[in-house]
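Remarks on the structure that follows.
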Amino acid sequence: MADSLKFTEDHLWIRVEGRRAQVGLSEYAQDELGEVIAVELPDIGDMLEKGESFGEIESVKTVSDLIAPVSGTISAVNAELEDHPSLVNEDPYHEGWLVELELSDKNEIEDLMDPDEYEEFASE
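Under our numbering, the residue at position 113 of the sequence shown is numbered 122, and the numbers go up by one with no gaps.
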């Protein structure tokens with residue numbers, strides 16, 4: 010797990026570089042969900058508000074809302090997931106990323122957990 014990642018209570022990770030951020034599902038979340046069979050993502054240009062749903066992830070067990078960890082504008086979506094949703098299971102921190110966005114407010118990152126905090130949170 011990369012130290013540059015931050016995590017949400019909704020089990021998403023975020024990797025920030027400048028004003029751009031990449032978002033994905035944590036190892037713990039994909040493990041809990043089981044085999045991912047479909048991912049529904051927003052369109053490029055969509056505005057996300059922190060705490061709002063921006064899509065869904067469907068596994069053999071359940072369908073879960075994806076909750077925006079920060080506010081921003083979608084600049085990229087992982088089109089590979091359309092044909093290969095299992096990438097979320099196979100490589101959640103790299104190939105299985107969900108969306109990229111331009112941050113509206115970089116300060117929102119401060120509210121997220123670092124890897125150690127998240128590990129403790131997820132194990133409770």
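We put the CB at the ideal spot given by N, CA and C, even for glycine.
Per DSSP, the bridge partner or partners of residue i
i: F16; result: W22 and M122
i: A30; result: V25 and L110
C-beta atoms of residue i and residue j nearer than 8 Å
i: E67; j: I46; result: yes
i: Q39; j: N98; result: yes
i: L75; j: S62; result: yes
i: E26; j: F130; result: no
i: E58; j: P101; result: no
i: V86; j: P51; result: yes
i: K15; j: L121; result: yes
i: R28; j: K115; result: yes
Rounded distance between the beta-carbons of residue j and residue i, thought under 8 Å
i: G43; j: L107; result: About 17 Å; that fails the 8 Å criterion.
i: E49; j: G64; result: 5 Å
Of the residues the options, the one placed nearest residue i, counting alpha carbons only
i: S80; options: G54, V48 and G105; result: G54
i: A88; options: R29, E109 and E26; result: E109
i: A77; options: Q39, M56, H103 and E91; result: M56
i: G60; options: R24, V72, H93 and H20; result: H20
i: W22; options: V69, I118 and K70; result: I118
For this session: Enumerate, from N- to C-terminal direction, the unbroken beta strand (DSSP E) stretches of 3 or more residues contained entirely within the region 34-120.
Result: 45-49, 62-68, 72-76, 81-86 and 108-112
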